[in-house]
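K.L.:
My questions will all concern the structure given below.
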Amino acid sequence: MARVRCYLRVMTAPALPLVDQFQRTISYLRLSVTDRCDLRCTYCMPERQQFLPRTEVLTLEELHKLSLGFIARGITKIRLTGGEPLVRRDVIDLVRAVGRKLGDGLEELTMTTNATRLAGFADDLARAGVRRINVSLDTLDRATFQRIARRDALPQVLEGLAAAREAGLAVKINTVALKGINEDAIPDLIAWAHGQGFDLTLIEVMPLGEVEEDRFDHYLPLPQVREALERRWTLTPSSHRTGGPARYFHVEETGGRVGLITPLTNNFCEGCNRIRVTATGQLYPCLGGNERVDLRAAVRSEDPDAAIDEALNIAMRIKPERHNFAIDERGGAPALARHMSMTGG
Ligand code: SAM
Ligand code: SF4
Numbered sequence: 007m008a009r010v011r012c013y014l015r016v017m018t019a020p021a022l023p024l025v026d027q028f029q030r031t032i033s034y035l036r037l038s039v040t041d042r043c044d045l046r047c048t049y050c051m052p053e054r055q056q057f058l059p060r061t062e063v064l065t066l067e068e069l070h071k072l073s074l075g076f077i078a079r080g081i082t083k084i085r086l087t088g089g090e091p092l093v094r095r096d097v098i099d100l101v102r103a104v105g106r107k108l109g110d111g112l113e114e115l116t117m118t119t120n121a122t123r124l125a126g127f128a129d130d131l132a133r134a135g136v137r138r139i140n141v142s143l144d145t146l147d148r149a150t151f152q153r154i155a156r157r158d159a160l161p162q163v164l165e166g167l168a169a170a171r172e173a174g175l176a177v178k179i180n181t182v183a184l185k186g187i188n189e190d191a192i193p194d195l196i197a198w199a200h201g202q203g204f205d206l207t208l209i210e211v212m213p214l215g216e217v218e219e220d221r222f223d224h225y226l227p228l229p230q231v232r233e234a235l236e237r238r239w240t241l242t243p244s245s246h247r248t249g250g251p252a253r254y255f256h257v258e259e260t261g262g263r264v265g266l267i268t269p270l271t272n273n274f275c276e277g278c279n280r281i282r283v284t285a286t287g288q289l290y291p292c293l294g295g296n297e298r299v300d301l302r303a304a305v306r307s308e309d310p311d312a313a314i315d316e317a318l319n320i321a322m323r324i325k326p327e328r329h330n331f332a333i334d335e336r337g338g339a340p341a342l343a344r345h346m347s348m349t350g351g
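To convert, note that position 100 of the sequence shown is 106 in the working numbering; the numbers rise steadily by one, no gaps.
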């Protein structure tokens, strides 16, 4: 079993900005606001996922306080995620509160959502200063959606996407490439997304947390998808970068952009600018590692400002050089016991 290390020492030695021991400047925070979700995507969590007791999850006030602490240390981009961020009651209050820092240290506030509840939130998100969102969508076929998400929610998702467009939010679709499930429909999904004015990024399935299916069965290496796309379209490498792991291609025939995230076939750690915080306040400096710092203890301590600062200093010292994912054995244990829904995608 993977060893879990937890570090927290309370000392005051604030150092700006956040730079790790490999000289990577950290400017991007993915903040999970809940581990709960209304879908049960097969690659993400089991049907009977045990959710955390609410007392273990940070309050909205604590999430706000942490966000301010991060912004004070040079975080310029915050992505709210989960679980499904829009299932957390009053999450929009947090969006509004953090949104007030836009233009005052914070450059961008975004969200990753499954869009099942987006129709009711798109306007409020836009009013709070959100300009772009990522929506996870693996298929446009209702039965395939139900097979992947174990819930029949495609119509709500499409309504949510229409509302986002109406509200003027730029949308990027995230699609997990699944061998034998959505593999053949990926080009049509891309064509549809580009027709709607959405970018689309393909993701390889990652070995995070136990699920009922063997991920090896559905692991689809993206270089293979790229070859299939190139048989149909002209793809030109794009200089577009978001500071993240995606590499982008311009599709001449659709006029849109496709991103490829290949954690398993390519290592993308060199330029990593991000850290992640779970809904319980555990800061994971790497999605693919077990190193962590307890920010909940820091934010609940007697001197939260100093404790948060020190916790961030520790995070910079323990951020590993690279992740250690691998899907190489059928039936092998997941590289990490944590589900993506816990760390935040
Ligand atoms: N519920 C929201 C959603 O689905 O957009 C936000 C959280 S979800 C964990 C974030 C992203 O992680 C989604 O795009 C999802 O497809 C992706 N994801 C979840 N488990 C994954 C896995 N094991 N490998 C690759 N991507 C995964
Ligand atoms: Fe929920 Fe997102 Fe995980 Fe799907 S990928 S189960 S929508 S958290």
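Ideal Cβ placement from N, Cα and C applies to all residues, glycine included. Since we're looking at a predicted model, the values are computed, not measured.
Leaving out the 5 sequence neighbours to the left and right, which residues in its chain are closer than 7 Å to residue 231 when beta-carbon positions are compared?
P.N.:
Here the question's residue 231 lines up with position 225 in the sequence shown. Hits under 7 Å: 183, 192, 208.
K.L.:
Give a single yes or no on whether residue 45 has its beta carbon closer than 8 Å to a heavy atom of the ligand SF4.
P.N.:
Taking the sequence shown and counting its residues from 1, one reaches residue 45 at position 39. Because some heavy atom of the ligand SF4 lies under 8 Å away, the Cβ of residue 45 counts as near it: yes.
K.L.:
Based on the DSSP secondary-structure assignment, which residues constitute the bridge partners of residue 178?
P.N.:
Translated into the one-based positions of the sequence shown, residue 178 becomes position 172. Residue 178 is bridged to 140, 205.
K.L.:
Whole angstroms is fine: what's the gap from residue 26's alpha carbon to residue 318's?
P.N.:
Walking along the sequence shown from the start, residue 26 turns up at place 20. Walking along the sequence shown from the start, residue 318 turns up at place 312. Roughly 10 Å between the two C-alpha positions.
K.L.:
Taking 8 Å as the cut-off, does the CB of residue 292 come closer than this to any heavy atom belonging to the ligand SAM?
P.N.:
For the purposes of this step, residue 292 is taken as the residue at position 286 of the sequence shown. No, since every heavy atom of the ligand SAM falls outside the 8 Å radius drawn around the Cβ of residue 292.
K.L.:
Ordered along the chain, which non-local residues of its own chain (more than five positions away) have a Cβ less than 7 Å from that of residue 244?
P.N.:
As a first step, residue 244 must be located in the sequence shown, where it is residue number 238. Cβ neighbours of residue 244 beyond the five flanking positions: 254, 255, 256, 263.
K.L.:
List the residues that DSSP assigns as beta-bridge partners of residue 225.
P.N.:
As a position in the sequence shown, residue 225 is number 219, starting the count at 1. Looking at the DSSP assignment, residue 225 forms a beta bridge with 184.
K.L.:
Taking only runs that begin and end inside the stretch 241–328, name each unbroken alpha helix (DSSP H) of 4 or more residues, in chain order.
P.N.:
If we require 4 residues or more, the alpha helix (DSSP H) runs fully inside the stretch 241–328 come out as 301–305, 310–324.
K.L.:
Do you know offhand how far residue 113's Cα is from residue 327's?
P.N.:
If you number the sequence shown from 1, residue 113 lands on position 107. If you number the sequence shown from 1, residue 327 lands on position 321. Each residue's alpha carbon lies about 26 Å from the other.
K.L.:
Look at residue 36 and residue 85 and say whether their C-beta atoms are less than 9 Å apart.
P.N.:
Stepping through the sequence shown from its first residue, residue 36 is reached at position 30. Stepping through the sequence shown from its first residue, residue 85 is reached at position 79. Yes, the Cβ-Cβ distance between residue 36 and residue 85 is below 9 Å.
K.L.:
What did DSSP end up calling residue 334 once you bin it into helix, strand or coil?
P.N.:
For the purposes of this step, residue 334 is identified with residue 328 of the sequence shown, where counting begins at 1. Any reading at residue 334 must be qualified, since the residue scores a pLDDT of 47, below 50, and its modelled position is unreliable; the value itself is stated next. It is coil, neither helix nor strand.
K.L.:
Taking 8 Å as the cut-off, does the CB of residue 140 come closer than this to any heavy atom belonging to the ligand SF4?
P.N.:
The residue labelled residue 140 in the question sits at position 134 within the sequence shown. Because no heavy atom of the ligand SF4 lies under 8 Å away, the Cβ of residue 140 does not count as near it: no.
K.L.:
Specify the secondary structure class of residue 36 as computed by DSSP and reduced to three states.
P.N.:
Locating residue 36 in the sequence shown gives position 30, counting from the first residue. In the structure shown, residue 36 sits in a strand (DSSP, three-state: E or B).
K.L.:
Taking 8 Å as the cut-off, does the CB of residue 90 come closer than this to any heavy atom belonging to the ligand SF4?
P.N.:
As a first step, residue 90 is located in the sequence shown; it is residue number 84 there, counting from the start. True, at least one ligand heavy atom lies under 8 Å from that Cβ.
K.L.:
If we cut at 9 Å on Cβ distances, does residue 277 have a partner in chain C?
P.N.:
No chain C is part of this structure, which consists of one protein chain only.
K.L.:
Check each candidate in 293, 324, 284, 321 and name the one with the smallest Cα separation from residue 64.
P.N.:
Walking along the sequence shown from the start, residue 64 turns up at place 58. Selected option, being the one with the closest Cα: 284.
K.L.:
How many Å lie between residue 150 and residue 160 at the Cα?
P.N.:
Your numbering for residue 150 matches position 144 in the sequence shown. Your numbering for residue 160 matches position 154 in the sequence shown. Distance between the alpha carbons of residue 150 and residue 160 is about 10 Å.
K.L.:
Do residue 175 and residue 139 count as a contact pair if the criterion is CB distance below 9 Å?
P.N.:
Taking the first residue of the sequence shown as 1, we reach residue 139 at position 133. Taking the first residue of the sequence shown as 1, we reach residue 175 at position 169. Yes, the Cβ-Cβ distance between residue 139 and residue 175 is below 9 Å.
K.L.:
What does DSSP give as the partner residues of residue 84 in its beta bridges?
P.N.:
In the sequence shown, residue 84 corresponds to position 78, counting from 1. Looking at the DSSP assignment, residue 84 forms a beta bridge with 35, 115.
K.L.:
If I follow the unbroken alpha helix (DSSP H) through residue 133, where does it start and stop?
P.N.:
One-based indexing of the sequence shown puts residue 133 at position 127. Element bounds for residue 133: 128–133.
K.L.:
Which whole-angstrom value describes the C-beta separation of residue 75 and residue 125, a residue pair presumed to lie in contact below a C-beta threshold of 8 Å?
P.N.:
In the sequence shown, residue 75 corresponds to position 69, counting from 1. In the sequence shown, residue 125 corresponds to position 119, counting from 1. Rounded, the Cβ-Cβ distance is 33 Å, inconsistent with contact.
K.L.:
Report, in whole angstroms, the separation of the C-beta atoms of residue 144 and residue 181, which I expect to be a contact under 8 Å.
P.N.:
Here the question's residue 144 lines up with position 138 in the sequence shown. Here the question's residue 181 lines up with position 175 in the sequence shown. Right, their Cβ atoms sit about 5 Å apart.
K.L.:
Which residue's Cα is closest to the Cα of residue 203: 121, 303, 187, 177?
P.N.:
Residue numbering aside, residue 203 sits at position 197 when the sequence shown is read from its first letter. That would be 177, whose Cα lies nearest to the Cα of residue 203.
K.L.:
For residue 265, which residues from the same chain have a beta carbon less than 6 Å from its beta carbon, with the 5 sequence-adjacent residues on both sides left out?
P.N.:
Along the sequence shown, one-based indexing puts residue 265 at 259. Counting only Cβ-Cβ distances below 6 Å, and skipping sequence neighbours, we find 207, 252, 254.
K.L.:
Which of the three DSSP states is assigned to residue 210 in this structure?
P.N.:
The residue you call residue 210 lines up with position 204 of the sequence shown. Strand at residue 210.
K.L.:
Tell me the rounded alpha-carbon separation between residue 358 and residue 31.
P.N.:
Lying outside 7 to 351, the shown extent of the chain, residue 358 is not represented and no answer is given.
K.L.:
Any chance the stretch 50–58 sits against the stretch 104–111, with 3 or more Cβ pairs inside 8 Å?
P.N.:
The stretch 50–58 vs the stretch 104–111: no contact.
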